[in-house]
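Taking it in order: structure first as structure tokens, then the write-up.
Residue numbers (our numbering): 8 to 76.
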């Protein structure tokens, strides 16, 4: 399942975005960015993905409280 993080902490499923397009709603994407996608297919993948995300947090690429509500 893929997600898109929008401003003000809202998250949409890619499926919702496609559905919006079919329904004629407008979705404005502002700015450009390069994204790194991480996938966890097997439980053995999880430590490497956790480390990569923690490295991005440590480098300041993401705010520390990104996933907190």
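All C-beta atoms in this analysis are idealised placements derived from N, C-alpha and C, irrespective of residue type, glycine included.
For residue i, the first and last residue of its enclosing alpha helix (DSSP H)
| i | result |
| --- | --- |
| residue 65 | 53-65 |
Buried/exposed call for residue i, threshold 16 Cβ in 10 Å
| i | result |
| --- | --- |
| residue 71 | exposed |
Chain D within 8 Å of residue i, Cβ atoms only
| i | result |
| --- | --- |
| residue 64 | The structure shown has no chain D; it contains just one protein chain. |
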